[in-house]
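To start, the structure under review is shown below, and the notes come after it.
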Amino acid sequence: MLPKDPMILLSFVNMKLRDFYGSLDVLCEELDADRQEIVQKLSSIGYHYDGEKNQFV
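Under my numbering, the final residue of the sequence shown carries the number 192; numbering is consecutive throughout.
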């Protein structure tokens, strides 16, 4: 289960991407998470996924 708060979600997702997953797609597949929901929540606080950096910036 992913955190509901966007700021905590940002920290959680970036940590998982840094330490365990090579891309957002792999993270979503492994955690059975909705990619669109993550992107929308983090976009609402001004972050977007950078595939080259493999993090939300």
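Ideal Cβ positions, reconstructed from N, Cα and C, are used throughout, including at glycine.
The structure displayed is predicted, hence computed values, not measured ones.
Under 8 Å by Cβ, that's how I've got residue i and residue j pegged, so tell me the actual separation to the nearest angstrom.
i	j	result
L144	Q190	About 13 Å; that fails the 8 Å criterion.
What are the start and end residues of the alpha helix (DSSP H) that includes residue i?
i	result
F147	P141 to D154
S178	R170 to S178
L166	L159 to L166
Quick check on residue i - is its C-beta less than 8 Å from some C-beta in chain C?
i	result
D160	Considering every chain present, this structure includes no chain C. It has just one protein chain.
For a quick check, are the C-beta atoms of residue i and residue j less than 8 Å apart?
i	j	result
Y182	L159	no
V148	L162	yes
P138	I180	no
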